[in-house]
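*Asks:* All residue numbers for the sequence shown refer to this note's numbering, where the first residue is 332 and numbers rise by one. Beta carbons are placed, not taken as given, at the ideal position from N, Cα and C, and that holds for glycine. For reference, the structure I am asking about is given below.
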Amino acid sequence: MNLAAADLGQLLQLLPVQRAGAALLLAAVGLPIVGVVIVGLDIMPVRFAMMHVALLGIAVGLLTGLDPMLCALVACALAGGAVAPLARTPDGLSGAMGLLMSLAIAAALLVLAVSGVNASGAFALLWGSILSVGNPDLWVLGSLAAAVPALFWWRRRDLGLLLYDRELAISSGVRVDRLTLLLLVLVAVAVAGAIKLTGALLVDALTLLPALAARRLGASLTSITAWAVGIGLVVNATGFLVALRLDLPPGPVLVLTAGALVLAVHLVPERRISSWRTPASVSLPSSH
């Protein structure tokens with residue numbers, strides 16, 4: 332046991348491991364709140380589409396010699412803004428995401444074929460490489476960790492109305508189109524920012540799974556958000572330490588840890604409020 336603790340302690344002294352741990356802690360602050368937005372707006376297809384857009388950005392970066400992950404972030408942000416006008420209804424957004432996924436993956440494969448870049452190298456970036464996290468990645472995650480909670484606190488009443496009912500938000504004077512545009516860009520950038528940590532296919536561990544567990548525990552939008560961040564911190568720290576100790580890939584371990592926690596939470600008896608959309612309005616400040 333002492334030997335195991337010593338081995339883990341030595342690993343934690345390595346700079347790449349420290350950067351990876353810092354990245355996961357920063358991700359746990361901002362990304363679960365993004366997950367709450369994804370669940371609340373019922374825009375699950377967005378994250379799949381942004382994975383394909385990220386691949387296109389990576390392909391462009393490899394072609395031009397620019398930083399592939401930076402290109403992925405820019406591509407996702409632009410795509411998120413471009414589809415915002417189609418987000419008036421969930422059905423409209425779902426159709427747009429399907430089209431975007433098809434076009435993005437086709438364009439990415441074409442760029443890779445024309446440029447002669449090794450496609451396997453581009454796809455490898457989507458599998459995640461948490462120990463290769465660098466300072467630019469920490470800056471991105473740190474910015475999200477600061478911007479996402481700040482946006483939530485600043486616009487919490489408008490967000491609560493939008494997540495509860497779009498028409499109610501419009502009739503209450505919320506600038507729904509602008510807020511939706513901002514949220515979609517934020518979701519897109521968050522998905523791209525998390526790709527380096529877990530890979531595109533496992534990004535749900537950092538976004539959706541903490542939100543799914545939190546909506547079972549919270550009684551208001553504010554408490555759901557706080558639970559999501561707390562769960563994200565516990566899952567990321569626990570999963571990362573287990574992966575290091577057992578010498579396993581961090582991405583799958585994080586997903587399994589988060590999934591186990593979600594299942595455990597759903598064994599808790601149902602609280603008096605079963606729908607998280609209803610509590611979203613409970614936390615709204617009363618008007619005078």
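(1) On the CB-based measure, 16 or more other CB atoms within 10 Å of its CB, does Thr-538 come out buried or exposed?
(2) Measuring CA to CA, which of Ile-369, Ile-562, Gly-412 and Ala-595 is closest to Tyr-495?
(3) I need the DSSP call for Ala-390, collapsed to helix, strand or coil.
(4) I want to know whether the segment 393 to 412 touches the segment 540 to 558 - three or more CB-CB distances under 8 Å.
(5) If I follow the unbroken alpha helix (DSSP H) through Ile-461, where does it start and stop?
(6) Identify, in the order they occur along the chain, each residue of the same chain with its Cβ nearer than 8 Å to the Cβ of Leu-533, setting aside the five sequence neighbours on each side.
(7) Taking a contact to mean a Cβ-Cβ separation below 8 Å, would you say Val-520 touches Leu-404 in this structure?
(8) The alpha helix (DSSP H) with Thr-511 in it runs from where to where?
(9) Judging by CA-CA distance, which residue of Ala-481, Leu-517 and Leu-356 is the nearest neighbour of Gly-570?
(10) The alpha helix (DSSP H) spanning Ala-358 covers which residue range?
(11) Using a Cβ-Cβ cut-off of 8 Å (strictly less than) and excluding sequence neighbours within five positions of Val-565, which residues of its own chain qualify?
(12) Find the nearest neighbour of Met-428 within the set Leu-440, Leu-594, Gly-465 and His-383, judged by alpha-carbon distance.
(13) Indicate the three-state DSSP secondary structure (helix, strand or coil) for Ser-551 in the structure shown.
(14) Apart from the five residues just before and just after Thr-588, which ones in its own chain have a Cβ nearer than 6 Å to its Cβ?
(15) Between which two residues does the alpha helix (DSSP H) containing Val-596 stretch?
(16) Report the option in Val-464, Trp-485 and Ala-574 whose CA atom is closest to the CA atom of Gln-349.
(17) Pick out whichever of Arg-497, Asp-489, Gly-524 and Trp-485 has its Cα sitting closest to the Cα of Asp-373.
(18) Quick check: the segment 552 to 560 against the segment 357 to 368, are there 3 or more CB pairs under 8 Å?
(19) Which residues in the same chain as Ala-500 place their Cβ atom closer than 6 Å to its Cβ, once the five residues preceding and following it in sequence are excluded?
(20) Using alpha carbons as the reference points, say which of Arg-546, Leu-386 and Lys-527 lies closest to Ala-351.
(21) Can you check whether the CB of Ala-353 is closer than 8 Å to the CB of Leu-387?
*Replies:* The answer reads as follows:
(1) buried
(2) Ile-369
(3) helix
(4) no
(5) Counting along the chain, Ile-461 falls outside any alpha helix (DSSP H), and DSSP gives it neither H nor E.
(6) Gly-459, Gly-582, Pro-583, Leu-585 and Val-586
(7) yes
(8) 507 to 529
(9) Leu-356
(10) 346 to 372
(11) Leu-592
(12) His-383
(13) coil
(14) Val-566, Thr-569 and Gly-570
(15) 581 to 596
(16) Val-464
(17) Arg-497
(18) yes
(19) Leu-492, Leu-493 and Val-507
(20) Lys-527
(21) no
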